[in-house]
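Using this note's numbering, read the sequence shown as starting at 128 and increasing by one per residue. One structure below.
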Amino acid sequence: MRFALIAALLFASVPASAQSVRSGVGSRYAKMSPVEIYERGLRSMRRGYYTKALEDFNRVRNYHRDDPISVKAQLAIADVYFKKHDYEQARFAYEEFATYHPRHENLDYVTFQIGMSIYKRAPLAAGRDQTATRSAVNIWSGFPARFPGSTYAPEVEKYLGRARNRLARKELRIARFYEDRQAWGAVQGRTEVLVRRFPESGYVPEAYALLAIARHAWGDVQGAQEARQNLVAFDDSGTLVAKVDRHLARPPGERPREEVFIRPYRVRGLMPQAPPSR
Numbered sequence: 128m129r130f131a132l133i134a135a136l137l138f139a140s141v142p143a144s145a146q147s148v149r150s151g152v153g154s155r156y157a158k159m160s161p162v163e164i165y166e167r168g169l170r171s172m173r174r175g176y177y178t179k180a181l182e183d184f185n186r187v188r189n190y191h192r193d194d195p196i197s198v199k200a201q202l203a204i205a206d207v208y209f210k211k212h213d214y215e216q217a218r219f220a221y222e223e224f225a226t227y228h229p230r231h232e233n234l235d236y237v238t239f240q241i242g243m244s245i246y247k248r249a250p251l252a253a254g255r256d257q258t259a260t261r262s263a264v265n266i267w268s269g270f271p272a273r274f275p276g277s278t279y280a281p282e283v284e285k286y287l288g289r290a291r292n293r294l295a296r297k298e299l300r301i302a303r304f305y306e307d308r309q310a311w312g313a314v315q316g317r318t319e320v321l322v323r324r325f326p327e328s329g330y331v332p333e334a335y336a337l338l339a340i341a342r343h344a345w346g347d348v349q350g351a352q353e354a355r356q357n358l359v360a361f362d363d364s365g366t367l368v369a370k371v372d373r374h375l376a377r378p379p380g381e382r383p384r385e386e387v388f389i390r391p392y393r394v395r396g397l398m399p400q401a402p403p404s405r
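What follows is the structure, encoded as C-alpha cells:
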C-alpha cells in the first residue's frame, strides 16, 4: 500500500515538473516587449553569449513576425553565426535574409557578409581547392555598381583584391607545374588566363615572363616578343626581362604535331575525379 502511494505521488509530480519548466521558459520572456527581447539578444551577442542571443532573436522572429523588429532579429541571427565562426550557417542565414528582403536598406551589408562567409572558409594555401574563393569573387564582383555610395565598398574592394590575388597565385602555381614538365601549351593557357582575369595582381610580371618563354618554345616568336613588351611595363628591376631575353636568344622551338600527355595538375589532398558525363 505504501509503495502504491509513493508511485502515485511520483506520477502526479511529472505534469507539475513539466509545467514548471514551461513556466520557467515563459518567465524569461514574461512582460517583455519584442524590442526588449531583441535588445537583450544584442547585449548577449556583444558579450559572446551566442546561445542566449540566438534564443532571443529566434523568439522575436518566430513569435513576433508582424513586428518590424523581427526583420532585425533575422539579420542578427546571421550575425551571431558569423561571430561564432559558423560560416556555412551564416551564409545560409544571410542568403535567406536577402531572399526574403531583396529591397532592404542593409542589403549591401548582407551581400558583403555573404561573400565574407564564403571567403572565410577558403584555404589560404594556393595549392588547395579555391572553389570558395571563386564564389566570393562572384558575389562581390559588380558591388560598386549595384550599391553606389555604400560604406562597405572599401572593404569589398580590399577583400576582392585579396581573393583575386589568391586565384592568380593558384594559376601561376599551376603554370610553374607545367613549366617543369615543359608542357608549354598548358603554361601558355594558364598564364594567359592570369593576365586577362587578374591584371592588377602582383603575379602578372612572372606570368608574362612565363608566357613569353612558352610562346618562344612553341615557335611563336612574335607572340613571345609581345609578351616581353608587356613584361617591360611591370618589371622595374629588369630581372625577369633579362631572364626572358636569355630564352629568346636561343633558337625558337616548334609546336608538337601531337599533344604529349602530361599528368594533370592535381589539387593537394584531393583524389583525381572522372570527367563529368555529358
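Note that CB positions come from ideal geometry on N, CA and C, so glycine has one too. Nothing here was measured: the structure is a model prediction, and the numbers come from that model.
Q) So, helix, strand or coil for TRP311, using DSSP? A) helix
Q. Measuring CA to CA, which of ASP206, ARG303 and PHE219 is closest to THR178?
A. ASP206
Q) What whole-angstrom Cβ distance do ARG421 and ALA200 have, given they're in contact under 8 Å? A) Any question about residue 421 goes unanswered here, given that the chain covers just 128 to 405.
Q: Quick one: using the 10 Å Cβ neighbour count with 16 as the cut-off for buried, is GLY168 buried or exposed?
A: buried
Q. ALA336 and LEU367 look like a contact to me (Cβ under 8 Å); what is the Cβ gap, rounded to whole Å?
A. 4 Å
**Q.** Option nearest LEU375 by Cα separation, candidates GLN349, ALA360 and GLY365
**A.** GLN349
Q: Closer than 6 Å by C-beta to ASP183: which residues in its own chain qualify, once you throw out the five before and the five after it? Chain order, please.
A: ILE164, ARG167 and GLY168
Q) Looking at C-alpha atoms only, which residue of ALA334, PHE270 and ASP307 is the closest neighbour of VAL320? A) ALA334
Q) Is PRO271 helix, strand or coil by DSSP? A) helix
Q) Would a C-beta distance cut-off of 9 Å place GLU215 and SER244 closer than the cut-off? A) yes
(Q) Between the stretch 303-317 and the stretch 260-267, can you find at least three pairs of beta-carbon atoms closer than 8 Å? (A) no
Q | Backbone CA spacing between LEU397 and ASP193 [nearest angstrom] | A | Note that LEU397 scores 45 on pLDDT, short of 50, meaning its location in the model is unreliable and no value can be drawn from it.
Q: Can you give me the start and stop residues for the alpha helix (DSSP H) that GLU381 sits inside?
A: It is not in any alpha helix (DSSP H) - GLU381 carries neither H nor E in the DSSP assignment.
Q.
Cutting at 7 Å between CB atoms, please list the residues of its own chain near PRO332, excluding the five before and the five after it.
A. LEU358, PHE361, ASP362 and LEU367
**Q.** Cβ-Cβ separation, ALA295 to THR246 (assumed contact under 8 Å), whole Å
**A.** The question names Thr, but residue 246 in the sequence shown is Tyr. That pair is no contact at about 16 Å.
Q. So, using beta-carbon positions, are ILE241 and ARG218 closer together than 9 Å?
A. yes
Q: Would you give the residue range spanned by the alpha helix (DSSP H) that ALA336 belongs to?
A: 331-344
Q: Name the residue from ASN233, ARG355 and GLY276 whose alpha carbon lies nearest to the alpha carbon of TRP369.
A: Checking the sequence, you will find Ala at residue 369 rather than Trp. Considering only alpha carbons, the answer is ARG355.
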